[in-house]
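To start, the structure itself, in structure tokens.
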Amino acid sequence: MIRTIHLCKTYANNVRGLDDVSLRIRQGEFVFVMGKSGAGKSTLLGILSGLVKPTSGEVFVHGRNMSRATFNTLARLRRQMGLVVQDLKLLERWTVYENVAFAMRVLDYKKDQIERRVPAVIASVGLAGRENAYPGELSGGERQRVAIARAIVNEPMTILADEPVGNLDLATAESILQIFDAINARGTTVVVATHNEEVVKKRSYRVIYLERGRVRLDTGSSWSWGELQ
Amino acid sequence: MRLTTFRFLWSQAWFNVRRSLSPSAATVIVIALIVLGSLLAVIRNTQSVSRDLVMSFQVVAYMKADSSAQDTANAAAGISAIPGVVAVSVRTKEEELDRLLVRFPEYRQVISHLEVNPLVDVIVIDLDDPSRAANVSMLVSQIEEVDEVVYGTEAAERLAAFSAGLRLLSVFGTAFLIVAVSLVVGNVVGLTVEYRTPEIEVASLVGATAWFIRLPFILEALFLGIMSWLASASVVGLLYIPVVRFFQKMMPFVTFAGTFKDVAVICLQMLIISVISSQIATLVALERAMASLRKR
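Sequence order for the protein chains is A and B.
Sequential numbering from 224 applies to the first sequence in this note's numbering.
Sequential numbering from 78 applies to the second sequence in this note's numbering.
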């Protein structure tokens with residue numbers, strides 16, 4: 224469960240990132256956060272993941288208040304979340320396998336557990352056989368899949384993905400979204416920030432539309448794109 | 078933490094030492110540590126010379142003319158029990174006369190005509206600290222059989238002040254060196270931390286605790302500190318004894334710290350300072366990087 228109460232974020236020079244955003248996302252929901260550039264999508268996901276501090280308001284993720292969490296509390300919370308950030312943050316000197324395995328090493332998994340689970344997760348995102356490739360040798364879509372594999376390898380309760388299909392062609396974007404569909408089908412909460420209407424249109428997941436930091440629209444869980452238009 | 082995870086962090090630290098420790102950075106650290114070792118050697122030898130001077134400082138008690146050998150022995154025993162007295166030696170009046178003849182052979186003729194030895198028994202008192210001279214002298218003079226107590230007041234005060242000043246200088250000198258080496262190592266480690274900010278960010282993203290993030294850097298600084306120490310201690314260790322022996326020959330009247338134990342102590346001090354300063358520098362650089370992650 225994710226809950227935000229009167230959430231505000233003001234950056235330097237009085238730039239408003241978020242303005243009085245109150246939301247409730249239930250466990251197992253799939254939510255698209257949409258909006259134009261600068262609408263506050265990344266700020267919202269940044270706050271939900273503890274990467275950005277809100278100026279005011281409260282954020283509760285899995286029952287914990289993120290806005291008052293210490294570094295180590297945030298660390299424990301992030302172990303229950305999978306984060307896919309906009310710039311992916313893959314480590315270029317590590318192979319695909321090592322990038323994904325790193326998330327498990329942080330959680331101090333046994334060697335045999337890592338050796339068993341990492342290849343399976345890499346295969347589940349469609350990268351079987353690419354374990355030993357370096358990020359620099361991968362296409363944009365493949366890099367995105369590595370970031371997703373790293374986010375899901377610890378079987379988190381929630382996935383937060385910031386523009387995971389931003390610069391991808393429609394077919395690749397669709398295949399990435401299908402991975403998120405499969406993750407959500409297992410009961411994981413998925414929050415995807417995107418401005419790609421095409422992938423949203425094909426699904427009837429809840430959409431939260433942001434404009435200048437405010438929630439302009441929250442569809443709830445049952446709706447169709449036609450109604451929205 | 079599991080052994081597998083620790084081994085992974087260990088291998089990362091070792092990999093990063095090899096990757097980030099450029100020859101120029103290593104040279105700078107090694108030179109800084111050699112300078113540190115040289116200054117530690119200077120401090121140690123100055124202390125040794127000072128100790129030598131202090132140890133040579135003595136209080137002399139002259140017994141009364143009519144005191145017997147037993148009186149002198151009793152007085153010596155009483156003096157030995159005074160705090161600050163490290164050694165007491167008795168010179169009989171006959172020994173004193175012999176010393177006088179050695180020092181002033183021209184008076185041999187005159188002295189040989191004396192019917193009675195005019196000198197008295199002397200008790201020579203060695204102190205652990207010249208600043209105690211006045212107090213010890215006062216206590217010794219209260220012993221009934223003691224006629225007179227003599228010591229160089231001015232010399233004692235100067236020596237005490239010199240010794241205290243040297244101790245203070247050593248403390249400040251060592252603190253200064255730790256700061257200087259920390260700054261040099263800090264620059265190198267700071268660059269490494271900056272270079273590895275993406276790794277810190279990824280570790281933070283996937284839920285690493287502060288200590289999980291710190292550990293590879295701490296290990297890396299440990300490698301860096303020990304490797305730089307090995308190189309610099311080899312240079313200091315090889316050159317120390319020959320250099321000290323050279324100065325000992327030039328100034329044979331003072332005692333330098335020229336034993337292998339002294340070399341070992343200096344190298345150990347270098348190791349401790351090297352490891353502590355590299356750890357301090359690493360933690361400061363890391364805290365900066367981690368604080369920037371929290372500030373967003």
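Ideal placement from N, C-alpha and C gives every residue a C-beta, glycine not left out.
Give a yes or no on whether the minimum CB-CB distance between A326/A and chain B is below 8 Å.
yes
In chain order, what residues of the same chain lie with their CB nearer than 7 Å to the CB of V388/A, ignoring the 5 residues before and after it?
A396, I399, L400, T417, N419, V422
Show which residues of chain B have a CB atom less than 8 Å away from the CB atom of N237/A.
Per Cβ cutoff of 8 Å: no residues; N237/A is ~17 Å from chain B at best.
Please state if the CB of G436/A and the CB of G280/A are separated by a distance shorter than 8 Å.
For G280/A and G436/A, no; Cβs fall outside 8 Å.
Mind listing, in chain order, the continuous beta strand (DSSP E) runs of no fewer than 3 residues lying wholly within the region 302-358 of chain A?
304-307
Taking its Cβ as the centre, do 16 or more other Cβ atoms sit within 10 Å of R185/B, making it buried, or is it exposed?
Looking at its Cβ environment, which holds fewer than 16 other Cβ atoms inside 10 Å, R185/B is exposed.
Compare the Cα-Cα distances from V261/B to each of V217/B, A334/B, S145/B, I357/B and report the closest residue.
Of the listed residues, the one whose Cα sits closest to V261/B is I357/B.
Closest by CA to F300/B, which one among A109/B, S88/B, R79/B, T82/B?
S88/B
Out of L196/B, L191/B, S305/B, which one is the CA nearest neighbour of R176/B?
L196/B
State the DSSP-derived secondary structure class of Y228/B, mapped to helix, strand or coil.
coil
Over what stretch of residues does the alpha helix (DSSP H) that includes S398/A continue unbroken?
393-408
Could you work out which residues of chain B lie near F283/A, taking near to mean beta carbons separated by less than 7 Å?
None at all; the shortest Cβ gap to chain B is about 18 Å.
What is the DSSP secondary structure of S245/A, reduced to helix, strand or coil?
strand
Which whole-angstrom value describes the C-beta separation of D148/B and M140/B, a residue pair presumed to lie in contact below a C-beta threshold of 8 Å?
7 Å
Between which two residues does the alpha helix (DSSP H) holding F330/B run?
Looking at the DSSP string, F330/B is not in any alpha helix (DSSP H), and its letter there is neither H nor E.
Please work out which residues of its chain come closer than 7 Å, Cβ to Cβ, to D441/A, disregarding the five sequence neighbours upstream and downstream, and give them in chain order.
I431
Could you tell me which uninterrupted alpha helix (DSSP H) segments, each at least 4 residues in length, are contained entirely in the region 89-150 of chain B, listed from first to last along the chain?
Counting only runs of 4 or more, we get 100-132.
What do you reckon, are the CB atoms on V94/B and F325/A nearer than 8 Å?
Cβ distance not < 8 Å, so V94/B and F325/A don't count as in contact.
How many Å lie between D224/B and A154/B at the Cα?
Rounded to the nearest angstrom, the two C-alpha atoms are 16 Å apart.
Give me, in chain order, the residues of the same chain whose beta-carbon lies closer than 7 Å to that of S218/B; leave out the 5 immediate sequence neighbours on both sides.
Excluding residues within five positions, the ones whose Cβ falls inside 7 Å are V226.
Step through the CB atoms of chain A and report whether any lies within less than 8 Å of the CB of R79/B.
So, interface residue.
Given L86/B, which residues of its chain have a CB within under 7 Å of its CB, disregarding the five upstream and five downstream residues?
L292, P293, L296
Could you check the C-alpha separation between T336/B and H190/B for me, to the nearest Å?
50 Å
Listed from N- to C-terminal order along the chain, which residues in the region 287-314 of chain B have their beta-carbon within a distance smaller than 8 Å of any beta-carbon of chain A?
Near chain A, meaning a CB-to-CB distance below 8 Å, the residues of the region 287-314 of chain B are A287, F289.
Sorted by chain position, which residues of the same chain lie with C-beta nearer than 7 Å to Q124/B's C-beta, five sequence neighbours on each side aside?
Exclusion of the five residues before and after Q124/B leaves L243, S247 as the residues of its chain whose Cβ lies within less than 7 Å of its Cβ.
So, M289/A versus L300/A, is the Cβ gap smaller than 8 Å?
Against a cut-off of 8 Å, the Cβ pair of L300/A and M289/A comes out as a contact.
I'd like the list of long-range same chain contacts for V275/A, defined as Cβ closer than 7 Å, with 5 residues on each side in sequence excluded.
K232, T266, G269
Assuming R121/B and I343/B form a contact by the criterion Cβ under 8 Å, report the distance between their Cβ atoms to the nearest whole angstrom.
About 6 Å separates the two Cβ atoms, so the contact holds.
At 7 Å on the CB atoms, spell out the chain D contacts of E276/B, in chain order.
In the displayed structure, chain D is absent; the protein chains listed are A and B.
Can you list the residues of chain A that A252/B reaches, using a CB-CB cut of under 9 Å?
Within 9 Å of the CB of A252/B, no CB atom of chain A is found; the nearest one sits about 31 Å away.
Evaluate the contact criterion for the region 339-350 of chain A versus the region 311-318 of chain B: three or more CB pairs, one atom per stretch, below 8 Å.
no
Between which two residues does the alpha helix (DSSP H) carrying V217/B extend?
210-218
Quick one: residues in its chain with C-beta nearer than 6 Å to the C-beta of N262/A, no 5 flanking neighbours on either side, listed in chain order?
Per the sequence shown, residue 262/A should be read as Ala rather than Asn. Cβ within range, chain order: L433, E434.
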